[in-house]
Amino acid sequence: QVQLVESGGELVQAGGSLRLSCAASGIVFSEYTLSWYHQAPGKQRELVASIGRGGTADYPDSVKGRFTISRDNAKNTVYLQMNNLKPEDTAVYYCKATYWRSGSYWGQGTQVTVSS
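Residue numbers for the sequence shown, in the working numbering: 55 to 170.
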């Protein structure tokens with residue numbers, strides 16, 4: 055049974071930082087591309103960071119320079135370090151694991167709220 059469990063979301067003031075974690079089980083973690091998405095109320099889910107099996111990371115312009123994704127294959131965990139948070143970063147943050155042989159798996163999400 056595959057499980058992805060996010061944690062670390064909370065209420066933070068604008069300009070602050072948070073680190074989200076996503077712990078995976080039931081998959082061969084090192085084979086998967088890992089991504090973080092966020093979804094604000096009434097909006098579509100959007101990609102905020104991804105990291106490949108080799109550690110290459112990619113970000114949209116909206117978070118580039120503020121967010122950093124990393125992975126620890128020994129701990130089956132992917133992280134999202136978020137700095138200089140803005141009110142528009144308020145959303146539910148989801149992690150996703152993708153492998154071409156088995157498809158994609160999603161976590162249940164963790165709420166991040168940034169107050170102005």
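For every residue, glycine included, the Cβ atom is placed at its ideal position computed from N, Cα and C.
**Report entry** Ala78 to Arg107 span [Cα, whole Å]
**Finding:** 15 Å
Query raised in the report: Between Leu39 and Arg155, what straight-line distance do the alpha-carbon atoms span, to the nearest angstrom?
Result: Residue coverage of the chain in this structure runs from 55 to 170, which leaves residue 39 outside it and unanswerable.
Query raised in the report: Which partner residues of Gly157 appear in the DSSP bridge assignment?
Result: Tyr153
Query raised in the report: Nearest CA to the CA of Val168: which residue from Gly161, Tyr159, Met136?
Result: Met136
Report task. For Lys150, collect the residues of the same chain with a Cβ closer than 8 Å to its Cβ; drop the 5 residues on either side in sequence, then sort them by chain order. Result -> Leu58, Leu88, Ser89, Trp90, Tyr91, Ser158, Tyr159, Trp160, Gly161
Requested in this report: Closer than 6 Å by C-beta to Gln26: which residues in its own chain qualify, once you throw out the five before and the five after it? Chain order, please.
Outcome: No answer is possible for residue 26: it lies beyond the span of the chain, which begins at 55 and ends at 170.
Requested in this report: Going by CA-CA distance only, name the one from Gln67, Gly69, Lys97, Val82 that's closest to Tyr153.
Outcome: Val82
Requested in this report: Would you kindly work out how many angstroms separate the C-alpha atoms of Leu139 and Gln55, rounded to a whole number?
Outcome: 34 Å
Query - Buried/exposed call for Glu142, threshold 16 Cβ in 10 Å - result: exposed
Requested in this report: Use the C-beta contact count for Leu65: other C-beta atoms within 10 angstroms, 16 or more gives buried, fewer gives exposed.
Outcome: exposed
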